[in-house]
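Read the structure below first, then the notes.
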Amino acid sequence: MASDTAVISETGSEEGVRRRDWIHIAALSTAGVGGASLLFPLISQMAPSADVLAASTTDVDVSAIQPGQSIKAVFRKQPLFVKRLTPEEIAKAKADDGAPMRDPATLAERTKQGHEDILVTMGVCTHLGCVPLGAAEGENKGEFGGYFCPCHGSHYDVAGRIRKGPAPLNLRVPEYEFTSDAVIRVG
Amino acid sequence: MSFAWAKQYEPKTALTKWLDEKLPLPRLVYNAVGAGYPVPRNLNYMWNFGVLAGFCLMIQIVTGVVLAMHYAANQAVAFATVEHIMRNVNWGWALRYAHANGASFFFIVVYLHIFRGFFYSSYKAPREMIWLLGVVIFLLMMATAFMGYVLPWGQMSFWGAQVITGLFSAIPLVGEPLQVWLLGGFAPDNAALNRFFSLHFLLPFVILGVVILHIWALHIPGSSNPTGVEVKSESDTVPFHPYYTAKDGFGLGVFLIAFATMVFFLPNALGHPDNYIEANPLSTPAHIVPEWYFWPFYAILRAFTGDLTIPFTGIVLIPAKLLGVIAMFGSILLWFILPWLDKSPVRSGHYRPLFNKFFWFGLIPAMIVLFVCGGAPAEEPYVILSQVATAYYFLHFLVILPIVSQIEVPKPLPFSITEAVLGKDAAAEARTGAGAAGDVGPLPEVSLQPAE
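Shown next as structure tokens:
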């Protein structure tokens with residue numbers, strides 16, 4: 384270091400700016416950009432890998448579901464609820480369309496036209512990701528007769544809309560289409 | 013740094029002389045935890061828990077490294093390899109029970125260590141850095157413990173991972189992509205299990221590094237003591253060895269009796285039976301709770317059931333989910349500013365009558381309520397109780413403590429540690445003079461009282 388400072392003071396010019404400063408800036412910038420670019424693969428490797436991301440679709444046969452009954456399917460390793468609403472439930476959901484809600488949505492927006500009785504939602508509570516109860520027979524359906532998340536007490540109504548508790552959003556309706564009257568393709 | 017009267021290390025044999033010139037490791041140990049470290053003579057048993065916490069870290073590292081020799085972090089076999097450890101590996105059951113209960117005991121001693129810091133204001137100048145590093149260690153411990161609990165891949169493991177990574181999804185805009193990035197998928201799966209194993213192995217060694225910094229920072233001002241009066245002369249201190257090695261050794265014996273009782277007679281008492289059911293992504297356990305040591309913070313998370321809105325407009329400023337997450341992290345992060353919230357120059361709670369009342373009748377009951385509510389289901393009356401206790405918790409640190417530290421009239425402090433232990437010594441007082449007493453805050457009156 385002692386010899387370094389000696390050299391610098393020899394080459395040092397007036398006004399305190401030295402030719403060597405440019406080399407310092409250039410060298411540090413190059414090393415800095417190089418070092419920072421190395422972070423990219425280290426961070427990116429944690430994102431979902433190709434096999435996880437690989438487009439997946441799930442076909443679900445909904446013909447056997449009786450009114451008032453739900454089934455659980457699996458979509459992208461997460462539970463999927465498919466429920467056939469009873470006429471009373473449809474009426475109740477429609478009556479509530481205008482009620483004050485955290486995430487307002489009508490039943491029509493959450494179902495496909497002509498298939499108003501089929502409600503397809505992810506079985507993942509929008510609070511912290513638990514599976515809500517209410518899809519299987521005898522389970523607690525919560526205060527609004529739909530789904531109830533036991534983890535932190537979120538109540539969803541018959542249309543899977545958040546009505547009470549900490550969850551911020553309605554149960555997500557994934558992209559799906561009816562490939563026939565009996566089968567839906569999710570994803 | 014040490015006090016001027018600290019004993020100096022003198023190598024006696026040819027070997028230690030040779031070593032002292034090349035790598036003075038024995039000298040370092042001598043000055044850190046040997047006769048070369050003078051410590052206040054009046055430390056009570058609350059000062060045992062630092063050493064015990066270090067001992068717990070060693071238990072966890074040793075048992076953890078050997079458990080890793082038999083465990084496989086793959087979602088198809090993880091649950092089975094844990095059962096393999098329990099049933100087939102020689103002494104595997106003892107190692108795993110020691111590791112699982114070791115985590116609980118680590119938190120017990122660290123909570124008592126933090127409690128000591130709160131009551132005796134160990135966080136105050138000149139020891140702020142020790143406190144800040146301690147909070148860092150605590151946060152690292154929480155992360156390590158959480159990831160370790162995921163590894164057996166039972167029901168509580170899986171749903172704990174889902175819920176805790178779900179906390180990050182509350183962050184506006186980047187939350188959901190962040191959760192997917194943390195998990196490496198849309199739900200906890202092999203990618204998450206593998207990275208949690210990797211980090212669970214790494215973090216204890218990071219903790220070890222910060223512990224070394226914690227002890228290094230401690231040795232600059234030296235240990236605090238139950239009176240809160242700084243060391244003034246040699247008669248205030250005794251060498252760490254043999255005095256506190258003996259006292260810590262006794263505490264270690266008591267600790268080991270309790271630890272062995274749990275490991276050998278009640279190994280699953282602190283665990284959750286649902287974690288002996290293999291993870292099922294399609295079914296959430298009816299009553300999902302974290303490990304007991306997270307209950308108070310879990311109660312704070314769940315206490316926020318309503319959005320923060322602009323009154324009468326229905327415009328949501330902060331949704332309930334984000335409020336809970338902010339409060340939960342905030343409840344620990346505010347410890348980072350604690351040294352600057354509590355402005356009282358008096359350290360020990362024994363000499364702070366008003367602080368003492370709020371501490372025992374406010375903070376401690378609030379923590380107990382949060383602890384109970386965190387382990388209870390999300391229903392009344394636990395929701396309202398945890399809301400009240402959460403409100404008090406933040407009020408205590410952010411409002412009560414700063415005000416109390418300004419308005420309180422402290423009790424007279426003893427002139428010195430020696431006086432607190434042995435009674436008043438007029439000769440010593442005359443020798444050192446009043447000038448040296450300036451750094452203890454309010455000057456003691458004539459009617460000096462020893463602690464207790």
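Chains as they are written, first to last, in this note's numbering: chain H, 384 to 570; chain E, 13 to 464. Idealized CB from N, CA, C, for every residue including glycine.
Taking 7 Å as the CB-CB cut-off, is Gly178 of chain E touching chain H? It does; some Cβ of chain H falls within 7 Å.
If contact is defined by three or more beta carbon pairs under 8 Å, each pair taking one atom from either stretch, is the stretch 171-190 of chain E in contact with the stretch 94-107 of chain E? Judged by Cβ distances under 8 Å, the stretch 94-107 of chain E makes no contact with the stretch 171-190 of chain E, as fewer than three pairs qualify.
Quick one: what does DSSP say Val503 of chain H is sitting in, helix, strand or coil? Val503 of chain H carries a strand assignment under DSSP once its states are collapsed to helix, strand and coil.
Which residues in the same chain as Pro216 of chain E place their Cβ atom closer than 8 Å to its Cβ, once the five residues preceding and following it in sequence are excluded? Excluding residues within five positions, the ones whose Cβ falls inside 8 Å are Leu69, Gln72, Ile73, Gly76, Thr156.
Just the C-alpha distance for Lys19 of chain E and Val243 of chain E, rounded to the nearest angstrom, thanks. Note on geometry: alpha-carbon atoms of Lys19 of chain E and Val243 of chain E lie some 16 Å from one another.
Output yes if chain E places a C-beta closer than 7 Å to the C-beta of Gly536 of chain H; else output no. At a cut-off of 7 Å between beta-carbon atoms, Gly536 of chain H makes contact with chain E.
Since Val243 of chain E is in the beta strand (DSSP E), which residue starts that stretch and which ends it? Careful: Val243 of chain E lies outside any beta strand (DSSP E) and carries neither H nor E.
Pop quiz: Ala518 of chain H and Ser537 of chain H are said to be a contact at Cβ under 8 Å. What is the actual Cβ separation, rounded to whole angstroms? With 8 Å as the limit, Ala518 of chain H and Ser537 of chain H do not qualify as a contact, their Cβ atoms being about 15 Å apart.
Val569 of chain H and Tyr559 of chain H - do their beta-carbons sit closer together than 7 Å? Val569 of chain H is positioned such that its CB atom lies closer than 7 Å to that of Tyr559 of chain H.
Excluding sequence positions up to five away, which residues of its chain have a Cβ less than 6 Å from the Cβ of Tyr305 of chain E? The residues are Phe119.
Note down, in chain order, all residues in the stretch 238-255 of chain E with a beta-carbon under 7 Å from any beta-carbon belonging to chain H. Answer set for the stretch 238-255 of chain E: empty.
With a threshold of 7 Å between beta carbons, is Ala84 of chain E in contact with chain B? Chain labels in this structure do not include chain B; the protein chains are H and E.
Residues that DSSP places opposite Thr441 of chain H in a beta bridge: Per the DSSP secondary-structure output, Thr441 of chain H pairs in a beta bridge with H:Val569.
Quick one: using the 10 Å Cβ neighbour count with 16 as the cut-off for buried, is Phe276 of chain E buried or exposed? Label assigned to Phe276 of chain E: exposed.
Using a beta-carbon distance below 7 Å, is His510 of chain H in contact with chain E? With 7 Å as the cut-off, His510 of chain H counts as an interface residue toward chain E.
Could you please tell me which residues of the stretch 438-462 of chain H, in chain order, have their CB closer than 8 Å to any CB of chain E? Cβ contacts with chain E: Lys455, Val457, Arg459, Lys460, Gln461, Pro462.
For Pro331 of chain E and Gly318 of chain E, I'd like the C-alpha separation in whole angstroms. So the two alpha carbons sit approximately 7 Å from each other.
Backbone CA spacing between Val94 of chain E and Tyr161 of chain E [nearest angstrom]: The C-alpha of Tyr161 of chain E is placed about 12 Å away from the C-alpha of Val94 of chain E.
Can you confirm whether Met429 of chain H, when its beta carbon is compared against all beta carbons of chain E, has any partner nearer than 7 Å? Residue contact check for Met429 of chain H against chain E: a CB pair falls below 7 Å.
Anticipated Cβ contact below 8 Å, Arg546 of chain H with Phe531 of chain H, distance rounded: Actually they are not in contact, since the Cβ atoms of Arg546 of chain H and Phe531 of chain H sit about 10 Å apart, beyond 8 Å.
CB contact flag (Arg555 of chain H, Ala488 of chain H, <7 Å): Not in contact: Arg555 of chain H and Ala488 of chain H (Cβ atoms no closer than 7 Å).
Which complete alpha helix (DSSP H) runs does the stretch 87-120 of chain E hold, if anything under 4 residues is left out? DSSP runs (the alpha helix (DSSP H)) wholly in the stretch 87-120 of chain E: 90-99.
Going by Cα to Cα distance, which pick from E:Arg314, E:Ser428, E:Lys29, E:Leu264 is closest to Thr249 of chain E? Among E:Arg314, E:Ser428, E:Lys29, E:Leu264, the Cα nearest to that of Thr249 of chain E is on E:Ser428.
Should Leu145 of chain E be counted as a contact of the ligand FAD given a C-beta to heavy atom distance under 6 Å? This structure simply doesn't include the ligand FAD, nor any ligand for that matter.
List, in chain order, every chain E residue whose beta-carbon is nearer than 8 Å to that of Ala488 of chain H. When 8 Å is used as the limit between beta carbons, Ala488 of chain H is near no residue of chain E, the shortest such separation being about 16 Å.
When DSSP labels each residue in this structure, what does Gly129 of chain E get in the three-state scheme? Three-state result, Gly129 of chain E: helix.
Would you say Trp569 of chain H faces chain E, with C-beta separation under 7 Å as the test? Residue 569 of chain H is actually Val in this sequence, not Trp. No, Val569 of chain H does not count as interfacial toward chain E.
Assuming the contact rule is C-beta atoms closer than 8 Å, Gln167 of chain E and Asn43 of chain E should be a hit. Round their C-beta distance to whole Å, please. With 8 Å as the limit, Gln167 of chain E and Asn43 of chain E do not qualify as a contact, their Cβ atoms being about 50 Å apart.
Just to confirm the assignment: which complete alpha helix (DSSP H) runs, minimum length 4, are found wholly within the stretch 117-186 of chain E? List check, alpha helix (DSSP H) in window: 140-162, 167-180.
Figure out for me which residue from E:Tyr256, E:Lys333, E:Ala16, E:Asn292 has the closest Cα to the Cα of Thr509 of chain H. For Thr509 of chain H, the nearest C-alpha among the options comes from E:Lys333.
Between E:Trp59, E:Ala110, E:Ala84, E:Ala90, which has its C-alpha nearest Gly283 of chain E's C-alpha? The shortest C-alpha separation from Gly283 of chain E is found at E:Ala110.
Give me the Cα-Cα distance between Cys4 of chain E and Leu397 of chain E, rounded to the nearest whole angstrom. Residue 4 of chain E is absent from the structure shown; chain E starts at 13 and stops at 464.
Interface partners of Pro549 of chain H on chain E, CB under 8 Å: Here the neighbours are Arg314, Phe316, Thr317, Ala332, Lys333, Gly336.
Looking only at its own chain, which residues have a Cβ that is under 6 Å from the Cβ of Pro23 of chain E, when we skip the five neighbours before and after it? Cβ within range, chain order: Lys29, Asp32.
Find the nearest neighbour of Val45 of chain E within the set E:Leu107, E:Ile227, E:Ile149, judged by alpha-carbon distance. When E:Leu107, E:Ile227, E:Ile149 are compared, the shortest CA-CA separation from Val45 of chain E is found for E:Ile227.
7 Å CB neighbourhood of Phe622 of chain H in its chain, flanking five on each side removed: No statement about residue 622 of chain H is possible, as the shown extent of chain H runs from 384 to 570 and does not include it.
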